[in-house]
Amino acid sequence: MDRSSLCVASFGRKREECTGRNASWAANADLGPSGRKETVLDLAKFVDKGVQVKLTGGRQVTGTLKGYDQLLNLVLDEAIEFEREQDDPLKLSTKTRQLGLIVCRGTAVMLVSPTEGTEEIKNPFQEADDAQA
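Now the structure itself:
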(Lines of atoms letter the chains of each structure in order from A and count residues from 1; the text may use other names and numbers.)
(Lines give C-alpha, C1' and ligand atoms only; values in the text may rest on other atoms or scores of the structure.)
Protein backbone atom coordinates (compact mmCIF):
# COMPACT_ATOMS: atom_id res chain seq x y z
CA MET A 1 0.00 0.00 0.00
CA ASP A 2 1.51 3.34 -0.98
CA ARG A 3 1.37 6.49 1.14
CA SER A 4 -1.39 8.19 -0.79
CA SER A 5 -3.74 5.20 -0.60
CA LEU A 6 -2.92 4.85 3.12
CA CYS A 7 -3.92 8.48 3.57
CA VAL A 8 -7.22 7.83 1.80
CA ALA A 9 -7.84 4.72 3.90
CA SER A 10 -6.95 6.46 7.16
CA PHE A 11 -8.57 9.83 6.76
CA GLY A 12 -11.02 9.55 3.88
CA ARG A 13 -9.31 12.43 2.06
CA LYS A 14 -8.50 12.71 -1.59
CA ARG A 15 -4.97 11.88 -2.61
CA GLU A 16 -4.27 15.48 -3.58
CA GLU A 17 -5.06 16.67 -0.04
CA CYS A 18 -2.49 14.34 1.58
CA THR A 19 0.77 16.05 0.89
CA GLY A 20 3.74 17.14 2.94
CA ARG A 21 3.66 16.63 6.67
CA ASN A 22 0.19 15.04 6.78
CA ALA A 23 1.14 12.29 4.33
CA SER A 24 4.25 11.28 6.26
CA TRP A 25 2.35 11.35 9.54
CA ALA A 26 -0.44 9.21 8.13
CA ALA A 27 2.01 6.68 6.73
CA ASN A 28 3.88 6.29 10.01
CA ALA A 29 1.07 6.68 12.57
CA ASP A 30 1.61 4.15 15.39
CA LEU A 31 3.43 1.74 13.08
CA GLY A 32 6.64 0.18 14.27
CA PRO A 33 9.51 -1.14 12.18
CA SER A 34 7.62 -4.39 11.62
CA GLY A 35 4.63 -2.51 10.20
CA ARG A 36 2.39 -3.44 13.16
CA LYS A 37 0.91 -1.18 15.79
CA GLU A 38 3.14 -1.14 18.86
CA THR A 39 2.83 0.12 22.40
CA VAL A 40 4.84 3.05 23.70
CA LEU A 41 6.55 0.82 26.27
CA ASP A 42 8.84 -2.01 25.24
CA LEU A 43 8.07 -4.52 27.98
CA ALA A 44 9.73 -7.45 26.16
CA LYS A 45 12.98 -6.78 28.03
CA PHE A 46 11.18 -7.22 31.37
CA VAL A 47 9.53 -10.60 30.65
CA ASP A 48 10.50 -13.22 33.25
CA LYS A 49 12.11 -10.49 35.38
CA GLY A 50 10.95 -8.72 38.50
CA VAL A 51 8.88 -5.56 38.02
CA GLN A 52 7.21 -3.08 40.30
CA VAL A 53 3.80 -1.84 39.17
CA LYS A 54 1.95 1.19 40.55
CA LEU A 55 -1.78 1.18 39.93
CA THR A 56 -4.42 3.88 40.09
CA GLY A 57 -5.94 4.14 43.53
CA GLY A 58 -2.53 3.89 45.20
CA ARG A 59 -1.91 0.16 45.05
CA GLN A 60 1.63 -1.06 44.50
CA VAL A 61 2.49 -4.60 43.40
CA THR A 62 5.75 -6.40 42.63
CA GLY A 63 6.15 -9.69 40.83
CA THR A 64 7.60 -11.50 37.85
CA LEU A 65 6.27 -10.25 34.53
CA LYS A 66 4.99 -13.25 32.59
CA GLY A 67 3.10 -11.52 29.80
CA TYR A 68 1.55 -8.32 28.47
CA ASP A 69 -0.43 -7.01 25.53
CA GLN A 70 -0.75 -3.77 23.56
CA LEU A 71 -3.37 -2.44 26.01
CA LEU A 72 -0.80 -2.77 28.83
CA ASN A 73 -2.64 -5.61 30.54
CA LEU A 74 0.05 -7.32 32.62
CA VAL A 75 0.32 -10.89 33.93
CA LEU A 76 2.43 -11.06 37.10
CA ASP A 77 3.47 -14.25 38.87
CA GLU A 78 4.43 -14.47 42.55
CA ALA A 79 2.85 -11.04 43.02
CA ILE A 80 3.10 -9.24 46.34
CA GLU A 81 0.97 -6.21 47.24
CA PHE A 82 2.39 -3.60 49.58
CA GLU A 83 -0.30 -2.39 51.95
CA ARG A 84 -0.78 1.26 52.92
CA GLU A 85 -0.63 2.88 56.35
CA GLN A 86 -4.08 3.30 57.94
CA ASP A 87 -3.41 6.84 59.22
CA ASP A 88 -1.55 8.06 56.09
CA PRO A 89 -2.68 6.39 52.84
CA LEU A 90 0.24 7.94 50.93
CA LYS A 91 2.81 5.88 52.85
CA LEU A 92 3.52 2.21 52.33
CA SER A 93 3.55 0.03 55.42
CA THR A 94 5.85 -2.91 56.04
CA LYS A 95 2.88 -5.27 55.75
CA THR A 96 2.57 -7.23 52.52
CA ARG A 97 0.02 -9.56 51.04
CA GLN A 98 0.83 -12.56 48.83
CA LEU A 99 -1.35 -12.52 45.71
CA GLY A 100 0.23 -15.19 43.48
CA LEU A 101 -0.65 -15.08 39.77
CA ILE A 102 -2.58 -11.92 38.86
CA VAL A 103 -3.67 -9.85 35.87
CA CYS A 104 -3.31 -6.07 36.12
CA ARG A 105 -5.78 -4.31 33.87
CA GLY A 106 -3.99 -1.93 31.51
CA THR A 107 -6.24 1.05 32.25
CA ALA A 108 -5.20 0.89 35.92
CA VAL A 109 -1.42 0.69 35.30
CA MET A 110 0.36 3.96 35.98
CA LEU A 111 4.01 2.88 36.24
CA VAL A 112 6.07 -0.20 35.41
CA SER A 113 9.68 -0.32 36.59
CA PRO A 114 12.25 -3.08 37.05
CA THR A 115 13.01 -4.19 40.59
CA GLU A 116 16.64 -4.93 39.73
CA GLY A 117 18.95 -2.00 39.12
CA THR A 118 16.88 0.62 40.94
CA GLU A 119 17.25 1.93 44.45
CA GLU A 120 15.19 4.17 46.66
CA ILE A 121 16.71 7.54 47.55
CA LYS A 122 15.86 9.93 50.34
CA ASN A 123 13.40 12.67 49.41
CA PRO A 124 15.49 15.89 49.16
CA PHE A 125 12.42 18.07 49.73
CA GLN A 126 11.38 16.37 52.97
CA GLU A 127 14.09 18.12 55.04
CA ALA A 128 13.02 21.50 53.66
CA ASP A 129 9.41 20.81 54.65
CA ASP A 130 10.44 19.66 58.16
CA ALA A 131 12.59 22.79 58.69
CA GLN A 132 9.76 25.12 57.65
CA ALA A 133 7.20 23.51 59.98
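For the sequence shown, the working numbering begins at 10 and goes up steadily by one.
We put the CB at the ideal spot given by N, CA and C, even for glycine.
None of these values were measured; they are calculated from a predicted model.
Buried or exposed by the 16-neighbour rule on C-beta atoms within 10 Å, applied to residue i
i           : result
residue 76  : exposed
residue 110 : exposed
residue 72  : buried
residue 74  : buried
residue 60  : buried
Residue i to residue j span [Cα, whole Å]
i           : j           : result
residue 89  : residue 79  : 24 Å
residue 84  : residue 133 : 34 Å
residue 101 : residue 63  : 12 Å
residue 112 : residue 130 : 29 Å
residue 114 : residue 69  : 13 Å
residue 123 : residue 108 : 19 Å
residue 53  : residue 81  : 12 Å
residue 86  : residue 97  : 29 Å
residue 58  : residue 121 : 12 Å
residue 56  : residue 106 : 23 Å
residue 5   : residue 94  : Since the first and last residues shown for the chain are 10 and 142, residue 5 lies out of range.
Close Cβ partners of residue i (< 7 Å) along its chain, the five nearest in sequence each way excluded
i           : result
residue 1   : What is shown of the chain runs 10 to 142, which leaves residue 1 out entirely.
residue 117 : 64, 65
Contained beta strand (DSSP E) runs [length at least 3] in the segment 86-133, N- to C-terminal order: For the beta strand (DSSP E) assignment, the uninterrupted runs of no fewer than 3 residues enclosed by the segment 86-133 are, from N- to C-terminal side, 101-113, 118-123.
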